[in-house]
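Novice: Every number in this note's numbering is 973 more than the matching position in the sequence shown, counting from 1.
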Amino acid sequence: MPSARRGLDAVLALVWLVISLGVLQDYLSGGNRWKHGDWLINTAGGPVRRGPFGSAVLSVGDLLGISPLLVVCVLQVVILAVLFLAFRALVDRAGPVRLQVLLWLSPAFFTVLWVVEPQGAVRKELLAFAGLSLLALGAVSGRLIVLWLGVLVYCISTIAHEGMVLFGPVFIGILVLSGLFRSAPWQALSATLIAIGVSGAALFYALVHARVEDPNLVCAPLLERGLDPEICAGAISWLAHDAGVGVAAVAERLTGASVVGFLLGALAAFAPFCYLVSVGTRPRLGLVILLGAVLPILPLFPVASDWGRWLSLQVFSMSVLLSCAMASGRFRLRAVPSRGLVVGAVGMALLVSPNHAIGLSGLAVKIARAVLPPGV
974 MPSARRGLDA VLALVWLVIS LGVLQDYLSG GNRWKHGDWL INTAGGPVRR
1024 GPFGSAVLSV GDLLGISPLL VVCVLQVVIL AVLFLAFRAL VDRAGPVRLQ
1074 VLLWLSPAFF TVLWVVEPQG AVRKELLAFA GLSLLALGAV SGRLIVLWLG
1124 VLVYCISTIA HEGMVLFGPV FIGILVLSGL FRSAPWQALS ATLIAIGVSG
1174 AALFYALVHA RVEDPNLVCA PLLERGLDPE ICAGAISWLA HDAGVGVAAV
1224 AERLTGASVV GFLLGALAAF APFCYLVSVG TRPRLGLVIL LGAVLPILPL
1274 FPVASDWGRW LSLQVFSMSV LLSCAMASGR FRLRAVPSRG LVVGAVGMAL
1324 LVSPNHAIGL SGLAVKIARA VLPPGV
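1. Consider the C-beta atom of Ala-1277 and the heavy atoms of the ligand MG; say whether any pair is separated by less than 7 Å.
2. Whose C-alpha, out of Ala-1094, Pro-1025, Gly-1024, Leu-1072, is nearest the C-alpha of Trp-1007?
3. Name the one or two DSSP bridge partners that Leu-1306 has.
4. Compute the Euclidean distance between the alpha carbons of Gly-1332 and Ala-1318, then round it to the nearest angstrom.
5. Assuming Phe-1274 and Trp-1280 make a contact with CB atoms under 8 Å, what is their CB distance in whole Å?
6. Report buried or exposed for Gln-998, applying the criterion of at least 16 other Cβ atoms within 10 angstroms of its Cβ.
7. Taking only the alpha-carbon atoms, compute the straight-line gap between Thr-1016 and Arg-1198 and give it to the nearest angstrom.
8. To which residues of the same chain is Ala-1222 closer than 8 Å at the C-beta, ignoring the five residues directly before and after it?
9. By Cβ distance below 6 Å, which residues in the same chain neighbour Pro-1142 in space, the five residues on each side in sequence not counted?
10. For Ala-1062, which of Ser-1334, Gly-1111, Gly-1027 has the nearest alpha-carbon?
11. Can you list, in chain order, the residues of its chain with a C-beta nearer than 8 Å to that of Leu-1037? Leave out the 5 residues immediately preceding and following it.
12. Report the rounded CA-to-CA distance for Trp-1211 versus Val-1309, giving the unit in angstroms.
13. Going by CA-CA distance only, name the one from Val-1344, Gly-1335, Ala-1341, Ile-1340 that's closest to Pro-1091.
14. In this structure, does DSSP put Ser-1231 in helix, strand or coil?
15. Since Cys-1205 contacts Gly-1010 with CB under 8 Å, what's their CB separation in whole angstroms?
16. Grab the span of the alpha helix (DSSP H) containing Asp-1065 for me, first residue to last.
17. Output needed for Ala-1164: all residues of its chain with C-beta closer than 6 Å, excluding positions within five of it in sequence on either side, in chain order.
18. Return the bridge partner residues of Ser-1326 from the DSSP annotation.
19. Give the DSSP-derived three-state secondary structure of Arg-1198 in the structure shown.
20. Using alpha carbons as the reference points, say which of Arg-1023, Leu-1056, Val-1185 lies closest to Tyr-1178.
21. What do you reckon, are the CB atoms on Trp-989 and Leu-1053 nearer than 8 Å?
22. Quick one: Cα of Gly-1018 to Cα of Leu-1100, how far?
23. Under DSSP, the alpha helix (DSSP H) around Ala-1029 begins and ends at which residues?
24. If you measure from the beta carbon of Leu-997 to each beta carbon in chain C, is any gap under 8 Å?
25. In or out: Leu-1237 buried (at least 16 other Cβ within 10 Å) or exposed?
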């Protein structure tokens, strides 16, 4: 079905363009305190979690004579393109186009979530998504250069954001489901040991240097380079807080409406994958994949209120693991998804999507807010 594939490619190109234009808009407005501030956390005020990555960004900007904000924005757009191309090539090996649509367009997957909820877009999980997609593509195709590029990008992601360490089981799952431990055991073992070593060191560093007494010291190098002070008011200022503040922020957002909204978004997000597991030839393996995608990310939910983002981490994990299992022949479908099912799933993705924080978003929510009286 060449026309269907071209249609999917056109949708993905449009999504990449929309997200990239959002990055451009953020750059022209001086940067976002969360979407860019987090990338610019640095070690100018002393060792601090995520700081080495931001210091490297500052060094690149100084070397090229450009703003560090521009460095971050270019990185985001380029890594987004790498992610789309690598994941597109991986999913193309998984099966027919209708299956590929289900693997791409869950309401919590970045092709939908980052367009509907731009505040959750191009955050640091972008690095982990790209790294794991390259890893999976390299593993199923036998292209070792792609595989090791994926290992490198994933390791960088754990240094950039300690939460990406939670993707460790997915990393190993990719190598197992792709069959790399059988076809190239030394490559698989070396990749695993390197990833465990780097991510373990990154996590230890983040735990030891979790806070700074004065976030202004982290902000100072950015102000010296002409950035707007507003960029320091989000992720950088949060460096002064401990995990208890994050737990309190979660509790503050937990209302009946926000929880019900999130559960509806989660139900819509997981539905395509639950369907694929139900029609698979190995439902037990499918269940293991679902649990392996969901459980490792759960520790993020009590300590940070970006529940839509954490859900997107889980959905990405499901999709990349299922894609590997299908591409390697370990998991097959007894029936190709019907056209009606795919159309319904796409419609659901557009209508109902998780908010980037606790709650519900999507076209249906936006219409309801426009039509209903305030406060309803």
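We treat Cβ as the ideally placed atom computed from N, Cα and C, and that holds for glycine.
Specialist: Reading off the structure:
1. Annotation note on the ligand MG: not contained in the displayed structure, which lists no ligands.
2. What you label residue 1007 is simply residue 34 of the sequence shown in a count that begins at 1. Of the candidates Ala-1094, Pro-1025, Gly-1024, Leu-1072, the one whose C-alpha sits nearest the C-alpha of Trp-1007 is Ala-1094.
3. Taking the first residue of the sequence shown as 1, we reach residue 1306 at position 333. Per DSSP, Gly-1253.
4. Residue mapping note: residue 1332 aligns to position 359 of the sequence shown, counting from 1. Residue mapping note: residue 1318 aligns to position 345 of the sequence shown, counting from 1. One C-alpha to the other measures close to 20 Å.
5. Position 301 of the sequence shown, counted from the start, is the residue given in the question as residue 1274. Position 307 of the sequence shown, counted from the start, is the residue given in the question as residue 1280. Contact flag correct, Cβ pair sits at about 6 Å.
6. Along the sequence shown, read from residue 1 onward, the residue named residue 998 stands at position 25. With fewer than 16 Cβ atoms within 10 Å of its Cβ, Gln-998 is classed as exposed.
7. Stepping through the sequence shown from its first residue, residue 1016 is reached at position 43. Stepping through the sequence shown from its first residue, residue 1198 is reached at position 225. For Thr-1016 and Arg-1198, the distance between alpha carbons rounds to 15 Å.
8. The residue labelled residue 1222 in the question sits at position 249 within the sequence shown. Excluding positions up to five away in sequence, the list reads Ala-1277, Ser-1278.
9. Walking along the sequence shown from the start, residue 1142 turns up at place 169. Around Pro-1142: Gly-1265, Pro-1269.
10. Here residue 1062 corresponds to residue number 89 of the sequence shown, with the count starting at 1. Checked all of Ser-1334, Gly-1111, Gly-1027; the closest Cα to Ala-1062 is Gly-1111.
11. Sequence index remark: in the sequence shown, residue 1037 carries index 64 (1-based). Taken in chain order, the residues that qualify are Val-1044.
12. Taking the sequence shown and counting its residues from 1, the one referred to as residue 1211 is at position 238. Taking the sequence shown and counting its residues from 1, the one referred to as residue 1309 is at position 336. Straight-line Cα distance between these residues: approximately 47 Å.
13. Counting from one through the sequence shown, the residue named residue 1091 turns up at place 118. When each option's Cα is compared against that of Pro-1091, the closest is Gly-1335.
14. Looking up residue 1231 in the sequence shown gives position 258. Helix, per DSSP.
15. On the sequence shown, residue 1205 is found 232 positions in, with the first residue counted as 1. On the sequence shown, residue 1010 is found 37 positions in, with the first residue counted as 1. Rounded, the Cβ-Cβ distance is 6 Å, consistent with contact.
16. As a first step, residue 1065 is located in the sequence shown; it is residue number 92 there, counting from the start. Counting along the chain, the alpha helix (DSSP H) containing Asp-1065 begins and ends at 1041 to 1065.
17. Walking along the sequence shown from the start, residue 1164 turns up at place 191. For Ala-1164, where only same-chain residues beyond five positions count, the Cβ hits under 6 Å are Val-1124.
18. Numbered from its first residue, the sequence shown carries residue 1326 at position 353. Looking at the DSSP assignment, Ser-1326 forms a beta bridge with Ser-1334.
19. Along the sequence shown, one-based indexing puts residue 1198 at 225. In the structure shown, Arg-1198 sits in coil (DSSP, three-state: anything other than H, G, I, E or B).
20. Looking up residue 1178 in the sequence shown gives position 205. Ranking Arg-1023, Leu-1056, Val-1185 by Cα distance to Tyr-1178 puts Arg-1023 first.
21. For the purposes of this step, residue 989 is taken as residue 16 along the sequence shown, with counting starting at 1. For the purposes of this step, residue 1053 is taken as residue 80 along the sequence shown, with counting starting at 1. In contact: Trp-989 and Leu-1053 (Cβ atoms closer than 8 Å).
22. Reading the sequence shown from its first residue, position 45 is the one you call residue 1018. Reading the sequence shown from its first residue, position 127 is the one you call residue 1100. Looking at the two C-alpha atoms, the distance is approximately 25 Å.
23. Within the sequence shown, numbered from 1, the residue matching residue 1029 stands at position 56. Element bounds for Ala-1029: 1024 to 1037.
24. Considering every chain present, this structure includes no chain C. It has just one protein chain.
25. Position 264 of the sequence shown, counting from 1, holds the residue named residue 1237. Leu-1237 should be labelled buried.
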